[in-house]
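What follows is a single structure, written as structure tokens, with notes after it.
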Amino acid sequence: MPSSFDSDVDRRMRAVGVIHTTEELLASVSLALMMLLPLAEIVIRPFWAGGIPGSIPFVEHLTLWVGFIGACVAARSGKLIALATATFIPEGIFRTGARTFSATVGAMVSSLLAWAALDVVAIEMEFGREIALGIPSWVFQLVLPVAFGCIAWRLAWGAGNVWPRVVSMLGLIAGMWFAHSWESFDGGAGWPWVVLLVLAAIAGAPIFSVLAGAAAFLYMVDAFDPANVPLFAYDLATEPHLPSIPLFTLTGFILAQGNSSERLLRVFRAVTGWMPGGTAVVCAVVCAFFTVFTGGSGVTILALGGLLLPALLKDGYGDRFSIGLLTASGSLGLLLPPAMPLILYAIVAQTAPENLFIGGLLPGLLLIGMVVVWGMRQGMLTGAGRQRFVWREAQEALWIGKWELLLPVVVLGALFSGRATLVETSALTALYALVITAFVHRDFSFAAGLQQAFRECIVLIGGVLIILAVAKGFTAYMVDVDIPFRLLEWTQAHIESPLLFLLALNVFLLIVGCIMDIFSAIVIVVPLISEIGAAYEIDPVHLGIIFIANLELGYLTPPVGLNLFLASYRFNRPLLDVYRSSLPFLIILGIGVLLITYVPWLTLGLLEMIGRQ
327 MPSSFDSDVD
337 RRMRAVGVIH
347 TTEELLASVS
357 LALMMLLPLA
367 EIVIRPFWAG
377 GIPGSIPFVE
387 HLTLWVGFIG
397 ACVAARSGKL
407 IALATATFIP
417 EGIFRTGART
427 FSATVGAMVS
437 SLLAWAALDV
447 VAIEMEFGRE
457 IALGIPSWVF
467 QLVLPVAFGC
477 IAWRLAWGAG
487 NVWPRVVSML
497 GLIAGMWFAH
507 SWESFDGGAG
517 WPWVVLLVLA
527 AIAGAPIFSV
537 LAGAAAFLYM
547 VDAFDPANVP
557 LFAYDLATEP
567 HLPSIPLFTL
577 TGFILAQGNS
587 SERLLRVFRA
597 VTGWMPGGTA
607 VVCAVVCAFF
617 TVFTGGSGVT
627 ILALGGLLLP
637 ALLKDGYGDR
647 FSIGLLTASG
657 SLGLLLPPAM
667 PLILYAIVAQ
677 TAPENLFIGG
687 LLPGLLLIGM
697 VVVWGMRQGM
707 LTGAGRQRFV
717 WREAQEALWI
727 GKWELLLPVV
737 VLGALFSGRA
747 TLVETSALTA
757 LYALVITAFV
767 HRDFSFAAGL
777 QQAFRECIVL
787 IGGVLIILAV
797 AKGFTAYMVD
807 VDIPFRLLEW
817 TQAHIESPLL
827 FLLALNVFLL
837 IVGCIMDIFS
847 AIVIVVPLIS
857 EIGAAYEIDP
867 VHLGIIFIAN
877 LELGYLTPPV
887 GLNLFLASYR
897 FNRPLLDVYR
907 SSLPFLIILG
917 IGVLLITYVP
927 WLTLGLLEMI
937 GRQ
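Residue numbers (the working numbering): 327 to 939.
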């Protein structure tokens, strides 16, 4: 007979399960509406010039919901984006202490933001503004305090066992007190809080909490309400291109959920398998294709590594070369449209995403080509397995994989034909991927496969968009105190030559790429270097491609490049072995980045040819 204690535990577990299901359902429904409304616009527009009333702001505000509810799910799963530096902290008491410290600071900042966001909602309720169809804006804003509060609790609860949780809960309570007594910070010193947050970041605190905390405390010591941070976060709902990021990412997860990778592998093996290094060529191209749509190299390595590594080893490639190739190829597609970093950079730098798409084509193909050539060289030196070209097999593979091969045509055709906006193109692409995987090929059952793809997309997008949201407040503070202008003055005083500036920029960005994921780097660093680049007469599109290319290289750079850790985990290899395996590719891609930096035509040539420059 079950005890009352067991019954209480069961009830709590059921209640927690209901909460988890509800938040995933809300985020999934929001993401589905984000896809369906732009599709309806495409269909209705030829017959009704005005389109669906209020659909654009509605989709933009749904992005806010997807981002913040997704961040709650990411916090529950321990997948909020953080620096990789915590992995170097020794196990035992030091690792436990770091985890407790980072959770305490994260919970403190999140609870501060939750209470500050309540003020934003209360003010909005007084104004009574509407989004569309009579829906007040405060309904959408309500996700801010709820999400920040949820994240604060989950960070504190996830700190460890009893004492780490107690300490982290004290941090949560402290954040609430700070929010109610922020005036007492007026005239105080901001640097101790910044130091505290930097240490928390090194210990593994979520990056969003570090940025938001820095902005909030610096605002408070300057006698400004910390509600500025959630207020700027709400501005995320007014970014016209932002909804395309979750929709293109959803496309990648739908493809990964099905067997698209296997069909593409068959296509490229049938077409290029006769070449020296044919299998290596296939792996580089397939990885680049998937990274374009998933938006991150981590997804590609984790999803495709188990398929591609055995194929390389079976065809006679050495273990070290195979590991290095897949580690490097995981980020090859970040410069090709419609990769998430290109769209995010365009939003932060206020540059047309279409120009970045075109500007990234040749540099992206250059980096892929350099890896392909190295793979062919390895094939010739080792005599790794090559297969005879069979015309019938090539025909069958192309026929089976034709729908995946047409995906870039769908994206570029819809966008540059002028018939669809970027957001509508992303919705069309997601629908296309869903149709070919669930209905044409029947790779998965519609409900189960779509649910899994939605969940994985929501977690990734939540981790990214919450950083972008709070970074807007941090950026606004930096602009208020003239930090970009001071940085510009210092740079011009010490570096006169644009060529030398580009070299220094490459070194700086490589270091940033080592210690920070690409999304965090974009929202933090781009506002600082945009004005400097303009002062040295560097084209904004060229600067953006240089930026992303360097961060792509940073993923491979020891000791903390993200791809190195992911490859070590996925392939069960010691980290030092992954370092050695990746070194040749680091050198090759480094040469490619220098070519992209010092040969502007690679980025701007196509733009000039079609009159967009």
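Cβ atoms here follow ideal geometry from the backbone N, Cα and C, with glycine treated the same way.
Just so you know, these numbers come straight off a predicted model, no measurement behind them.
Contact belief for residue i with residue j at Cβ below 8 angstroms, rounded distance in angstroms
| i | j | result |
| --- | --- | --- |
| MET451 | TRP508 | The pair is not a contact, with the Cβ atoms about 21 angstroms apart (cut-off 8 angstroms). |
| LEU562 | ALA795 | 5 angstroms |
| VAL790 | SER403 | 14 angstroms between Cβ atoms; not a contact. |
| PRO552 | ALA505 | 6 angstroms |
| LEU901 | LEU890 | 7 angstroms |
| GLY710 | GLY603 | According to the sequence shown, residue 710 is Ala rather than Gly. At roughly 7 angstroms, the Cβ-Cβ gap stays under 8 angstroms, so ALA710 and GLY603 are in contact. |
| ALA443 | PRO556 | 4 angstroms |
| VAL618 | LEU590 | In fact, because the Cβ distance is near 12 angstroms, the residues do not count as touching under 8 angstroms. |
| THR575 | GLY870 | With 8 angstroms as the limit, THR575 and GLY870 do not qualify as a contact, their Cβ atoms being about 19 angstroms apart. |
| GLY727 | ARG938 | The pair is not a contact, with the Cβ atoms about 32 angstroms apart (cut-off 8 angstroms). |
| LEU757 | LEU365 | 6 angstroms |
Proximity to residue i [Cα-Cα], best of the options
| i | options | result |
| --- | --- | --- |
| ILE913 | ALA654, GLY501, SER356, THR801 | ALA654 |
| GLY497 | GLN704, PRO884, ALA433, HIS346 | ALA433 |
| LEU544 | TRP517, ILE477, SER356 | TRP517 |
| GLY799 | ALA665, TRP483, VAL674 | VAL674 |
| THR605 | GLY650, ASP641, ILE627 | ASP641 |
| PHE911 | ARG812, ILE694, VAL833, GLY380 | ILE694 |
| LEU652 | PRO636, PRO663, LEU814 | PRO636 |
| SER535 | TRP374, LEU439, VAL735, THR389 | LEU439 |
| TYR862 | ARG338, LEU581, LEU831 | LEU831 |
| GLU386 | GLY918, TRP717, ALA549, ILE571 | ILE571 |
| TRP816 | LEU879, LEU854, ILE461, VAL867 | LEU854 |
| LEU688 | LEU909, PRO926, SER356 | PRO926 |
| LEU660 | ALA485, VAL904, PHE873 | PHE873 |
| GLY931 | SER856, ILE684, LEU481 | ILE684 |
| GLY377 | ASN898, GLU750, LEU388 | GLU750 |
| GLY423 | ALA410, SER494, GLY380, GLY705 | SER494 |
| PHE474 | LEU826, ALA526, VAL399, ALA529 | VAL399 |
| LEU835 | GLY880, MET804, ALA448 | GLY880 |
| PRO667 | THR763, HIS567, PHE742, TRP725 | HIS567 |
| PHE742 | LEU470, PRO679, GLU565 | PRO679 |
| LEU892 | LEU628, PRO462, GLU367 | LEU628 |
| VAL279 | ARG712, SER752, ILE837, THR347 | Absent from the structure is residue 279, since the part of the chain shown begins at 327 and ends at 939. |
| ASP645 | ARG899, LEU362, ILE382, ALA341 | ARG899 |
Environment of residue i [buried if 16+ CB atoms lie within 10 Å]
| i | result |
| --- | --- |
| ASN487 | exposed |
| MET327 | Unreliable positioning characterises MET327 in this predicted model, as indicated by a pLDDT of 48, which lies under 50. The coordinate reading is nonetheless provided below. By the 10 Å Cβ count, MET327 comes out exposed. |
| VAL344 | exposed |
| MET339 | exposed |
| THR923 | buried |
| ASP336 | exposed |
| GLU940 | Not covered by the structure: residue 940. The range shown for the chain is 327 to 939. |
| TRP441 | buried |
| GLY656 | buried |
| GLN818 | exposed |
| GLY690 | buried |
| LEU776 | buried |
* Which runs of the alpha helix (DSSP H) spanning at least 4 residues fall entirely within the segment 813-869, listed in chain order? -> 824-841, 844-861
* Scan the segment 367-432 and note each continuous beta strand (DSSP E) run of 3 residues or more that stays entirely inside, going in chain order. => You should have found no qualifying run.
* To do: Quick one: which unbroken alpha helix (DSSP H) runs of 4-plus residues sit fully inside the segment 659-711? Chain order, please.
  => 666-675, 679-708
* Identify every run of the alpha helix (DSSP H) within the segment 540-593, keeping only runs that are complete inside it and at least 4 residues long; order them along the chain. => 554-560, 570-583
* Within the segment 874-936, note down every full alpha helix (DSSP H) run reaching 4 residues or more, in order along the chain. => The qualifying runs are 888-897, 901-924, 927-935.
* Counting Cβ pairs, one atom from each stretch, are 3 or more of them under 8 angstroms apart for the segment 844-858 and the segment 665-681? -> yes
* **In chain order, each alpha helix (DSSP H) run of at least 4 residues that lies wholly inside the segment 452-504** => The segment 452-504 contains these whole alpha helix (DSSP H) runs: 463-467, 469-483.
* Asked: Is there contact between the segment 353-371 and the segment 391-406, where contact requires at least three CB pairs shorter than 8 angstroms?
  -> In short, these stretches touch, since the Cβ pair count reaches three.
* Which parts of the segment 732-777 are runs of the alpha helix (DSSP H), unbroken and 4 residues or longer, counting only runs that do not cross its ends? -> 733-742, 748-760
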